[in-house]
Amino acid sequence: MSNKQWINNYFSEDELKDIQSAADAVERNTVGEIVLSFRNKKSLLEKLYSDHELAMKDFERLEVYKTKERTGVLIFLIFEEHYFDIIADEGIYAKIPDETWNKMEEKLKEEFRNKNYSAGVLALIAEMGEVLSQEFPTRAGADNDDELDSEIIIN
6 MSNKQWINNY FSEDELKDIQ SAADAVERNT VGEIVLSFRN KKSLLEKLYS
56 DHELAMKDFE RLEVYKTKER TGVLIFLIFE EHYFDIIADE GIYAKIPDET
106 WNKMEEKLKE EFRNKNYSAG VLALIAEMGE VLSQEFPTRA GADNDDELDS
156 EIIIN
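Each residue of the sequence shown is one higher than the last, beginning at 6 in this note's numbering.
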């Protein structure tokens, strides 16, 4: 299996396109930016870090913090570890409490438990979109640049 073929165990090509389209659609209605990072498992070197530390490293490496209003959000998944995390920048955390993200994580966990990977990620993105568009809507006449690369990162 090639380096990134593992993703086909969880998502079809069409499902990945649907996930990408959903994230892009959310970004059109908010100044929030969503970055998705999917991993199969940790590398030998990465095993030196906790899952959360690895998510934080990806947040830094992918420069999710580089938005004008600090409104980047990382959805981080390690499939073989059954781990996922939502890391939001300080602008987001200032307005949206941890309990909101925790509820989203619980729903995703339930979908993954039932092997509904695509449905789970799509529901998470949709719920994020609702919250982000309420708290961080686009402004009339404002520039709503796509500040971060929103292509799904598959490692």
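For every residue, glycine included, the Cβ atom is placed at its ideal position computed from N, Cα and C.
Query raised in the report: Considering only residues of the same chain and omitting the five flanking positions on each side of F141, which have a CB-CB separation below 6 Å?
Result: For F141, where only same-chain residues beyond five positions count, the Cβ hits under 6 Å are T35, V36, G37 and T76.
Query - Chain-order list of residues whose beta-carbon lies under 6 Å from that of V126 (same chain, five-residue window excluded) - result: Taken in chain order, the residues that qualify are I24.
Query raised in the report: From K62 to I158, what distance separates their C-alpha atoms?
Result: Computed Cα separation, rounded: 14 Å.
Query - Cβ contact (3+ pairs, closer than 8 Å) linking the stretch 101-116 and the stretch 9-23 - result: Contact fails: fewer than three Cβ-Cβ distances are below 8 Å.
Query raised in the report: Once you ignore the five residues that flank I92 on each side, which residues in its own chain have a CB closer than 6 Å to its CB?
Result: The residues are A60, F64 and L79.
Report task. Report the partner residues of D90 according to the DSSP bridge assignment. Result -> Its beta-bridge partners are F81.
Query - CA-to-CA distance, V69 to D94, given in whole angstroms - result: Cα-Cα distance, rounded: 7 Å.
**Report entry** Rounded separation between R44 and H87 - CA only
**Finding:** For R44 and H87, the gap between their C-alpha atoms comes out near 10 Å.
Query - Cβ pair A128, E116 closer than 8 Å - result: In this structure, A128 lies near E116, with their beta-carbon atoms less than 8 Å apart.
Report task. Starting from the Cα of Q139, find the closest Cα among N121, R33, D151 and E152 and give me that residue. Result -> When each option's Cα is compared against that of Q139, the closest is R33.
Report task. Have a look at K47 and N160 and give me their C-alpha separation to the nearest angstrom. Result -> Near 9 Å, if we compare the C-alpha coordinates of N160 and K47.
Query raised in the report: Which residues in the same chain as Y15 place their Cβ atom closer than 7 Å to its Cβ, once the five residues preceding and following it in sequence are excluded?
Result: The answer, listed in chain order, is F84 and Y122.
Query raised in the report: Among E74, V40 and A28, which has the Cα closest to the Cα of D90?
Result: Among E74, V40 and A28, the Cα nearest to that of D90 belongs to V40.
Query - Backbone secondary structure at V1 - three-state DSSP - result: With the chain covering only 6 through 160, there is no way to say anything about residue 1.
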